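Chemist: Dropping the structure in here first, questions after.
Residue numbers (our numbering), protein chains in the order written: chain E, 914 to 1150; chain W, 914 to 1150.
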């Protein structure tokens, strides 16, 4: 459970040879690194490089990549979470951090019929996600998408992934997720807002191949349901 | 995923016939309830009662219990988490809220050899736990304990529970928790601080019957590890 964040994130380091401004400032101003110092850099695309600092510029530090230290190898199927943002966005932020530690490939924030929050600062979430990636020593960034409607979200899904929708409406047939879940395949999980999906949305999701599921007998908040499916995907794969 | 917190917590309601001050203030000042209004009250010991307000006093509302609406029935084995408090306590608070939603019987906060935070406001955590209990419509409170040392914690454990310690030291033999875990039995999970348990502590835990485990290949923060074991216990039981 150690906390060591001494690697840098530079998505374009291979083509440009520079750290972006924020990472440069951290390296030069905060850590006081100098020309000739060796650092670890990830491109967020699966590679961790050892590099040497050529010019210690806090606005754009030039580096030379010396070797590949580590390459990301996918060990489990992909997991994609579609979720309605909560009223207080800090709940989603916290959930996101935890899901990135455990493993999350893509998150779609969806403005559903009953969603109160109609806008999200995606840039801020991206920063939190990169910090979580670095903290947990992951080499791949998590993709984040915003959708104005559930219908919009449904058009973006890959064909080959299993689809599960967690909703509260007790009138329809729902299986327990831990029984319905198919191991060894890519999964898309759909979690509704406080106030649940509208019946129309549940129907649209079902028409798109989503299997209606329950997450145990407990009453879970939106972000807890997000954690639940992420941990389930991790534990069952 | 609905958020409805309209029940009251009054641990002594059966013997005293009163709501405690905080709950009284909420009922009378915030919700403006009056004499004759009907409310739901839990004692946190497994019972949900319907009661009628006899006197609308914001410092101590008298109620008469009319009937038992619901009784808690244990559906899975008990789960006890022993964890070192994190440097920022809000991480533990958030974890606690989520674990109570999913189910947690007891939490022990342990000041281990490498724990930076040597004091915790247990009263504040208790308030958060009660709020989480009400929010998720649970009828049983989660017990919270503080221990000055790991040794102290080890003396408090029931004999019949399975014991698992998650630590990072790669020199010893550790099984994957999801393989080592025994379903259908009470579990105690031990999670170390940022900086891990000391070798002496790991030895003491092992001597007390704790099985050393890993929580997947990921690097998890302390509070994420706490979530991991709580969700695992829920999903596997």
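All C-beta atoms in this analysis are idealised placements derived from N, C-alpha and C, irrespective of residue type, glycine included.
Computed from a predicted structure; not experimentally measured.
Thinking residue 1085/W and residue 1125/W are a contact (beta carbons under 8 Å), I'd like their distance in whole angstroms, please.
Modeler: Yes, they are in contact, since the Cβ atoms of residue 1085/W and residue 1125/W sit about 6 Å apart, within 8 Å.
Chemist: Rounded to whole angstroms, what is the Cα-Cα separation between residue 1063/W and residue 1016/E?
Modeler: Cα to Cα, residue 1063/W sits roughly 31 Å from residue 1016/E.
Chemist: Which bits of chain W does residue 1133/E rub up against, with CB to CB less than 8 Å?
Modeler: Here the neighbours are 914, 1014, 1015 and 1049.
Chemist: Who are the neighbours of residue 1028/W on chain E, taking C-beta pairs under 9 Å?
Modeler: What residue 1028/W touches in chain E: nothing, since even the nearest Cβ is about 11 Å away.
Chemist: Under a CB-based cut-off of 8 Å, is residue 881/W close to chain E?
Modeler: Given a span of 914 to 1150 for chain W in the structure shown, any question on residue 881/W remains unanswerable.
Chemist: Return the residue from the list 1128/E, 954/E, 1119/E and 1141/E that minimises the CA-CA distance to residue 979/E.
Modeler: Ranking 1128/E, 954/E, 1119/E and 1141/E by Cα distance to residue 979/E puts 954/E first.
Chemist: Quick one, which of 1093/W, 1092/W, 924/W and 1074/W has its alpha-carbon nearest residue 1101/W's?
Modeler: When only C-alpha atoms are compared, the closest one is 1074/W.
Chemist: Under 8 Å, with one C-beta from each stretch per pair, do the segment 979-999 of chain E and the segment 957-969 of chain E reach the 3-pair mark?
Modeler: The segment 979-999 of chain E, when compared against the segment 957-969 of chain E, does touch it at the 8 Å Cβ threshold.
Chemist: Take every Cβ of the segment 1029-1042 of chain W, pair it with every Cβ of the segment 1068-1082 of chain W, and state whether three or more of those distances are shorter than 8 Å.
Modeler: No: fewer than three Cβ pairs fall under 8 Å.
Chemist: Any residues in the segment 932-965 of chain W with a beta carbon nearer than 7 Å to a beta carbon of chain E? Which ones, in chain order?
Modeler: Flagged: no residues at all.
Chemist: Which residue marks the beginning of the alpha helix (DSSP H) containing residue 1041/E, and which one marks its end?
Modeler: Residue 1041/E -> alpha helix (DSSP H) spans 1035-1048.
Chemist: Between the segment 1046-1060 of chain E and the segment 1002-1018 of chain E, do three or more beta carbon pairs fall short of 8 Å?
Modeler: A contact exists between the segment 1046-1060 of chain E and the segment 1002-1018 of chain E.
Chemist: Taking the alpha-carbon positions, what's the residue 999/E to residue 1140/E distance?
Modeler: If you take the alpha carbons of residue 999/E and residue 1140/E, they lie about 14 Å apart.
Chemist: For residue 1142/E, which beta-bridge partners are listed by DSSP?
Modeler: Paired residue(s): none; residue 1142/E is not in a bridge.
Chemist: From 1149/W, 996/W and 994/W, pick the residue whose C-alpha is nearest to that of residue 1092/W; which is it?
Modeler: Ranking 1149/W, 996/W and 994/W by Cα distance to residue 1092/W puts 1149/W first.
Chemist: For residue 1129/E, return the contacting residues in chain W, with the cut-off set at a CB-CB distance below 9 Å.
Modeler: In chain order: 1015, 1016, 1147 and 1148.
Chemist: Does the segment 925-943 of chain E touch the segment 970-977 of chain E, meaning 3 or more C-beta pairs lie closer than 8 Å?
Modeler: Touching, per the Cβ criterion.
Chemist: Apart from the five residues just before and just after residue 1061/E, which ones in its own chain have a Cβ nearer than 8 Å to its Cβ?
Modeler: Closer than 8 Å at Cβ, skipping near neighbours: 1024.
Chemist: State the start and end residues of the unbroken beta strand (DSSP E) segment that holds residue 1102/W.
Modeler: Here the beta strand (DSSP E) through residue 1102/W covers 1100-1104.
Chemist: Taking only beta-carbon atoms, is residue 1141/W less than 8 Å away from chain C?
Modeler: Reference to chain C is not applicable here, since the protein chains of this structure are E and W.
Chemist: Residue 1137/E touches chain W at which residues, Cβ-Cβ below 9 Å?
Modeler: The answer, in chain order, is 914, 1010, 1011, 1014, 1015 and 1049.
Chemist: Let me know if residue 997/W comes out buried or exposed under the rule of 16 or more other beta-carbons within 10 Å of its beta-carbon.
Modeler: Flag for residue 997/W reads buried.
Chemist: Just to confirm the assignment, what range does the beta strand (DSSP E) spanning residue 983/E have?
Modeler: Residues 975-984.
Chemist: Relative to the C-alpha of residue 1087/E, which residue among 1116/E, 1099/E, 1127/E and 1095/E is closest?
Modeler: Out of 1116/E, 1099/E, 1127/E and 1095/E, 1127/E has the C-alpha closest to the C-alpha of residue 1087/E.
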